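140 is the number of the first residue of the sequence shown in the numbering used here; add one for each residue after it. Here is the structure we will look at.
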Amino acid sequence: MRTAVVVGAGIGGLAAAGALARAGWKVTLLEREDRLRPGRAAMVLWPNGVRALRALGLAGGLDSISTAVPPAGIRRPDGTWLVQPGVSEVESPPVVVHREGLHDAFIAGLGEQVDVRGGIEVKSARVSRDRPAVGDGRVTFEADLVVAADGADSAIRRRLVAGSTFASAGYAAWRAVIPWFRAPELPDGVPPHGETLGGGQRFEYHSLGERGLYWVATVPGALRPEPPAGQLALLRRWFAGWHPPVGQLLAATEADDLVQEPVGEVTPMPDSFGVPCGPGGYALVGDAAHAMPHHLAQGASLALEDVATLQTALVGGALGPALLEYGRLRRARIARVLQQSKKAAAVLQPRGRLTRVNPRNLDRAAAAATEWAGPTG
Ligand SMILES: Cc1cc2nc3c(=O)[nH]c(=O)nc-3n(C[C@H](O)[C@H](O)[C@H](O)COP(=O)(O)OP(=O)(O)OC[C@H]3O[C@@H](n4cnc5c(N)ncnc54)[C@H](O)[C@@H]3O)c2cc1C
140 MRTAVVVGAG IGGLAAAGAL ARAGWKVTLL EREDRLRPGR AAMVLWPNGV
190 RALRALGLAG GLDSISTAVP PAGIRRPDGT WLVQPGVSEV ESPPVVVHRE
240 GLHDAFIAGL GEQVDVRGGI EVKSARVSRD RPAVGDGRVT FEADLVVAAD
290 GADSAIRRRL VAGSTFASAG YAAWRAVIPW FRAPELPDGV PPHGETLGGG
340 QRFEYHSLGE RGLYWVATVP GALRPEPPAG QLALLRRWFA GWHPPVGQLL
390 AATEADDLVQ EPVGEVTPMP DSFGVPCGPG GYALVGDAAH AMPHHLAQGA
440 SLALEDVATL QTALVGGALG PALLEYGRLR RARIARVLQQ SKKAAAVLQP
490 RGRLTRVNPR NLDRAAAAAT EWAGPTG
């Protein structure tokens, strides 16, 4: 029986561990947190992410936990329109989904066979003629395949790709879900989804239906050292005077709802996301391979594409060539999305004054990022 160690139990790692176990691998899943917990926020899933979920057999309950996001337009902080709603021509709009719902689907997808070890922070990765192995300084885990799904600051990627680091894009971001029992009623005429740009800042919100309200705020600058209550006070100040419902959403948010995250990208991007090692090898998936700013909201969808592609590449045959094929397919695809992300960045987070937004440029970037030929293309 082939063996795999998956490092990191985020979306990429959970999807990979389940896919490998279902394909008959003996899987050990290592996570530095003590237990497997869903991310506290929500996220947008584009049709390519939904297709990847389907390829992984995990899309079954998606309709019941997701809400469609119609083209909602883009506003200035005073409420006037930069892009009128409905002007966008994105053919297949995305859905928004609470992380808890996705997490439950992934945990169910692990089945009974995955050996889950919490509290293990991988610090080293062996690259030699032997099989790959990772360790936390106390225990070594060896396997035919190691899947590095340990996020943007991946210790395994740093070992495999000399000089690779996660570099800030000069922004910090906050996400929060206001649970339904505390969520404010949206004022009359305020749509359930919206996006506003001004002064280099960006605020996006989505109704999650019965689950509450989700928002994302992006602000120029570094991560804030203050405790969450201090960060919330800053956000209320930075977004003061923005049109409804921005103020209402920030007022209804509690410090515990907040998740602060860096915005940046892996640089240099690895030449390949599949690295043969001895008779086995490493696969980099998700942010560990290619974290990028969230302008196109594609990070999770890309992680799921990675895993669907890896799942297909690993069917039969020797591991080394399968990993090289995986790496080749994913490197080319990610380079294309990164290019679109940079185009979107110039529109959505301009350094100078924002006077107009051409929705066609955003539509083109979103359409190109969403185009994914499937696990073999
Ligand atoms: C503000 C913001 C908004 C976003 N919005 C969206 C969106 O709407 N849609 C979308 O698709 N994407 C979005 N993204 C991106 C998305 O969140 C990420 O791309 C995605 O979560 C990456 O998943 P992952 O599993 O690769 O990594 P992670 O979610 O980072 O998971 C990594 C896991 O590995 C564990 N770990 C880390 N290091 C170690 C170690 N050394 N040993 C053991 N375990 C370790 C961590 O604890 C964690 O559980 C957004 C990102 C930001 C910052």
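Using N, Cα and C, we set each Cβ at its ideal position, and we do this for glycine too. Model, not experiment: these values are computed from the prediction.
Does any heavy atom of ligand 1 sit closer than 7 Å to the C-beta of residue i?
i      : result
Ile259 : yes
Ser205 : no
Ala288 : yes
Ile150 : yes
Leu184 : yes
Ser303 : no
Arg314 : yes
Arg363 : no
Thr188 : Position check: residue 188 holds Gly in this sequence, whereas Thr was assumed. Yes, Cβ of Gly188 sits closer than 7 Å to a heavy atom of ligand 1.
Leu195 : no
Arg472 : no
Arg214 : no
Asp533 : Any question about residue 533 goes unanswered here, given that the chain covers just 140 to 516.
Ala291 : yes
Using 10 angstroms around the beta-carbon of residue i, count the other beta-carbons present and answer buried if the total reaches 16, otherwise exposed.
i      : result
Asp395 : exposed
Arg124 : Outside the shown range of the chain (140 to 516) lies residue 124, about which nothing can therefore be said.
Gly369 : exposed
Thr167 : buried
Arg176 : exposed
Gln488 : buried
Trp164 : buried
With distances taken between CB atoms, is the gap from residue i to residue j smaller than 8 Å?
i      : j      : result
Val278 : Val146 : no
Pro409 : Leu423 : yes
Ala427 : Asp289 : yes
Ala306 : Gly240 : no
Ala508 : Gln399 : no
His237 : Ala282 : no
His429 : Ser480 : no
Leu347 : Val235 : yes
Arg161 : Gly218 : no
Arg256 : Leu169 : yes
Thr335 : Ile213 : yes
Trp511 : Arg141 : no
Gly137 : Ser411 : Lying before the first or after the last residue shown, residue 137 is absent from the chain, which here runs from 140 to 516.
Val405 : Ala308 : no
Can you tell me which of the three DSSP states residue i falls into?
i      : result
Lys165 : strand
Glu365 : coil
Glu170 : strand
Ile259 : coil
Glu464 : helix
Phe245 : helix
Ala143 : strand
Asp283 : coil
Ala308 : strand
Arg277 : coil
Arg214 : strand
Would the C-beta of residue i count as close to ligand 3, meaning under 7 Å from any of its heavy atoms?
i      : result
Val300 : In the structure on display, ligand 3 does not appear, and the ligands it does have are ligand 1.
Assess, as a yes-or-no matter, whether the stretch 298-313 is touched by the stretch 357-364 under the definition of 3 or more beta carbon pairs within less than 8 Å. yes
Are three or more beta carbon pairs between the stretch 295-302 and the stretch 453-469 nearer than 8 Å? no
Between the stretch 262-273 and the stretch 207-215, do at least 3 Cβ pairs fall closer than 8 Å? no
For the pair the stretch 320-337 and the stretch 457-465, tell me if three or more CB-CB distances fall below 8 Å. no
Okay, do the stretch 244-253 and the stretch 143-160 touch, 3+ Cβ pairs below 8 Å being the bar? The stretch 244-253, when compared against the stretch 143-160, does touch it at the 8 Å Cβ threshold.
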